[in-house]
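See structure below.
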Amino acid sequence: MSELSESTRRSVAGNVEQWTRVNREFGDGNAAGSWASDTITWGQFGVTEESIGSPLGDVAGLDILEAGCGVAYFSAWLAKRGARPVGLDPTPAQLATARRLQHETGLEFPLIEGVGEALPFPDDSFDMVLSEYGASLWADPYAWIPEAARVLRPGGRLVFLTSSVLVYLCVPDVGAVTEVLHRPQFGMHKVTWPGESGTEYNLAHGDRIRLLRVNGFEVEELIEVQVPEGARTHEYYGDISAEWGRRWPAEEIWVARLRGRARDRDEGHPPT
Numbered sequence: 017m018s019e020l021s022e023s024t025r026r027s028v029a030g031n032v033e034q035w036t037r038v039n040r041e042f043g044d045g046n047a048a049g050s051w052a053s054d055t056i057t058w059g060q061f062g063v064t065e066e067s068i069g070s071p072l073g074d075v076a077g078l079d080i081l082e083a084g085c086g087v088a089y090f091s092a093w094l095a096k097r098g099a100r101p102v103g104l105d106p107t108p109a110q111l112a113t114a115r116r117l118q119h120e121t122g123l124e125f126p127l128i129e130g131v132g133e134a135l136p137f138p139d140d141s142f143d144m145v146l147s148e149y150g151a152s153l154w155a156d157p158y159a160w161i162p163e164a165a166r167v168l169r170p171g172g173r174l175v176f177l178t179s180s181v182l183v184y185l186c187v188p189d190v191g192a193v194t195e196v197l198h199r200p201q202f203g204m205h206k207v208t209w210p211g212e213s214g215t216e217y218n219l220a221h222g223d224r225i226r227l228l229r230v231n232g233f234e235v236e237e238l239i240e241v242q243v244p245e246g247a248r249t250h251e252y253y254g255d256i257s258a259e260w261g262r263r264w265p266a267e268e269i270w271v272a273r274l275r276g277r278a279r280d281r282d283e284g285h286p287p288t
């Protein structure tokens with residue numbers, strides 16, 4: 017487990033503040049419905065696992081870390097399919113919601129307070145590391161991807177969903193995503209939007225592929241998700257309309273397999 021830099025500590029504190037508010041306004045009251053579902057869906061628009069080619073594959077019997085689990089509905093879905101999930105998140109309020117739902121449903125798995133940039137697990141602990149808008153967007157990739165490689169067993173997989181590059185480029189500082197570019201692609205890394213305390217981390221495709229490769233990963237698939245017909249704009253996260261997401265990818269899912277060992281490799285570096 018690596019030590020957190022002062023910059024990362026500030027980022028984590030801001031993210032905890034933001035997601036405590038989100039949990040109060042939306043997450044806590046809506047989590048039960050997600051936990052009750054038997055269907056695995058991805059992202060803001062509920063794209064089903066099977067409709068995009070089942071990037072998770074058969075998870076039965078696998079030790080899976082959900083890095084940035086929030087209220088842990090995804091871990092609950094994995095547990096229903098026979099996996100052994102562990103949920104990790106830095107926000108106590110979200111973990112409290114998840115523990116309440118464990119008590120209500122009887123579905124038990126470990127929930128741990130921690131951050132993706134410094135995973136509190138030994139090397140070679142998991143068969144898969146998963147993130148759906150968790151560490152994949154809210155943790156620094158130059159820290160959490162090396163950590164994911166460290167805790168994965170040889171041949172293990174990293175599967176994560178995050179915002180698409182095009183969304184980052186086309187969303188203004190305030191308001192919904194547009195059809196024009198608002199910021200440069202070169203040098204993209206971290207951003208705190210006006211009026212928010214949380215820090216998002218975004219990488220261009222070339223930078224992300226390079227980072228994955230230097231940490232021992234082979235990219236197996238990149239799914240640029242198209243919003244399905246009939247989907248609606250998310251009731252809370254309304255900055256991307258369903259209509260926009262039908263025309264351009266709002267989200268992307270990465271599937272990578274660990275071929276090397278992260279501790280033997282250059283861990284990459286953020287843009288200067």
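Each residue of the sequence shown is one higher than the one before, counting from 17 in the numbering used here.
For each residue, glycine too, the CB sits at the ideal point set by N, CA and C.
Could you give the residue range of the alpha helix (DSSP H) that holds residue i?
| i | result |
| --- | --- |
| A272 | Careful: A272 lies outside any alpha helix (DSSP H), inside the beta strand (DSSP E) at 267 to 274. |
| E129 | It is not in any alpha helix (DSSP H) - E129 instead sits in the beta strand (DSSP E) that spans 127 to 129. |
| S27 | 22 to 38 |
| P101 | Careful: P101 lies outside any alpha helix (DSSP H), inside the beta strand (DSSP E) at 100 to 105. |
| A114 | 108 to 121 |
| D44 | 44 to 52 |
| W209 | Looking at the DSSP string, W209 is not in any alpha helix (DSSP H), and its letter there is neither H nor E. |
| A258 | 258 to 263 |
So residue i is in the beta strand (DSSP E); what residue range does that whole segment cover?
| i | result |
| --- | --- |
| F90 | F90 -> not in any beta strand (DSSP E); alpha helix (DSSP H) instead, spanning 89 to 96. |
| T178 | 168 to 179 |
| E369 | Outside the displayed range of the chain (17 to 288) lies residue 369, so it cannot be described from this structure. |
Give me the Cα-Cα distance between residue i and residue j, rounded to the nearest whole angstrom.
| i | j | result |
| --- | --- | --- |
| H198 | P210 | 14 Å |
| D44 | W35 | 11 Å |
| S50 | E65 | 14 Å |
| S257 | F61 | 10 Å |
| R281 | W270 | Only weak support exists for where R281 lies, its pLDDT of 45 falling under 50; the value from the coordinates is given anyway. Their backbone Cα atoms lie some 21 Å apart in a straight line. |
| L274 | Y217 | 22 Å |
| G191 | P170 | 43 Å |
| W160 | E19 | 12 Å |
| L174 | Q201 | 24 Å |
| D156 | T208 | 13 Å |
| G84 | P101 | 12 Å |
| P286 | L185 | 18 Å |
| G232 | A164 | 11 Å |
| R279 | R166 | With a pLDDT of only 47 at R279, under 50, the local geometry of the prediction cannot be trusted, and no value is derived from it. |
| R25 | Y158 | 15 Å |
| A220 | E237 | 16 Å |
| F42 | K206 | 25 Å |
Give the C-beta separation of residue i and residue j to the nearest angstrom, bearing in mind that I take them to be a contact with Cβ-Cβ under 8 Å.
| i | j | result |
| --- | --- | --- |
| G103 | L127 | 5 Å |
| N31 | T215 | 6 Å |
| R267 | S180 | For the record, residue 267 in the displayed sequence is Glu; it is not Arg. Correct: roughly 6 Å between the Cβ atoms. |
| P10 | E129 | This structure does not reach residue 10, given that the chain is present from 17 up to 288, and the question cannot be answered. |
| W58 | V241 | 7 Å |
| V28 | P106 | 5 Å |
| G132 | Q110 | Going by Cβ atoms, the distance from G132 to Q110 rounds to 14 Å, so no, they are not a contact pair. |
| P244 | V63 | 6 Å |
With DSSP as the reference, please indicate the residues paired to residue i in a beta bridge.
| i | result |
| --- | --- |
| S147 | F176 |
| I239 | I269 |
| R226 | Answer is none; R226 lacks a bridge partner. |
| T64 | T57 |
| A134 | V131 |
| E216 | V207 |
For residue i, verify whether its CB is less than 7 Å away from any heavy atom of the ligand ATP.
| i | result |
| --- | --- |
| V175 | Inclusion of the ligand ATP in the displayed structure is not the case, the ligand content being empty and no account of it being possible. |
**Request:** Report yes or no: do the stretch 143 to 151 and the stretch 81 to 90 share at least 3 C-beta pairs separated by less than 8 Å?
**Result:** Judged by Cβ distances under 8 Å, the stretch 143 to 151 makes contact with the stretch 81 to 90, as three or more pairs qualify.
**Request:** Mind the definition here: the stretch 239 to 255 touches the stretch 128 to 148 only if three or more C-beta pairs lie below 8 Å; say whether that holds.
**Result:** With contact defined as three or more Cβ pairs closer than 8 Å, the stretch 239 to 255 and the stretch 128 to 148 are not in contact.
**Request:** Please determine if the stretch 189 to 197 and the stretch 224 to 237 are in contact, where contact requires at least 3 C-beta pairs separated by less than 8 Å.
**Result:** With contact defined as three or more Cβ pairs closer than 8 Å, the stretch 189 to 197 and the stretch 224 to 237 are not in contact.
**Asked** Taking contact to mean at least 3 C-beta pairs separated by less than 8 Å, is the stretch 66 to 81 in contact with the stretch 97 to 111?
**Response** Yes: at least three Cβ pairs fall under 8 Å.
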